[in-house]
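Asks: The sequence shown begins at -13 in the working numbering and counts up one residue at a time. Before anything else, here's the structure in question.
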Amino acid sequence: MDNKSILIRKIIIGVCAAITVFTGIFYVVEMFVLQETSYFTDHFAISISLLAIGVIALLLPSVNRKKFSNDTRGDNTMLIVAFLLFICSIVSLLMSYWVA
């Protein structure tokens, strides 16, 4: 993989991390400071956070891969975690509409 694609993946990881932090702070402020929730917080905040963390888990092994390393167990585990986070994001979105 060349340096340009690694840089693009690092930028995507940074954006996903910023989205996760923003939605987390927004959720905490609405729940504990304002004492009321908006439509976004009720239905999308947790799903978007889980999706962004899943994207980070999906891209992180390819960014940190060493050239001569044969140990891919951690990489495979991160891929499994990423797909589980994607599934949890979808389930969270469906449950937010089903319960509410």
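Every residue, glycine too, gets a C-beta built ideally from N, C-alpha and C. Since this is a predicted model, take the numbers as computed values, not measurements.
Which stretch, first to last residue, makes up the alpha helix (DSSP H) that contains N(-11)?
Replies: For N(-11), the uninterrupted alpha helix (DSSP H) run begins and ends at N(-11) to V14, by DSSP.
Asks: Whole angstroms are fine: how far does the CA of L46 sit from the CA of T23?
Replies: T23 and L46 have their C-alpha atoms spaced approximately 33 Å apart.
Asks: If you follow the alpha helix (DSSP H) that T23 is in, where does it begin and where does it stop?
Replies: Looking at the DSSP string, T23 is not in any alpha helix (DSSP H), and its letter there is neither H nor E.
Asks: Tell me which residues share the same chain as T27 and place their Cβ nearer than 8 Å to its Cβ, disregarding the 5 neighbours each side in the sequence.
Replies: The beta carbon of T27 sits closer than 8 Å to the beta carbons of F12, Y13, E16 and M17 from its chain, once the five residues preceding and following it are set aside; these are given in chain order.
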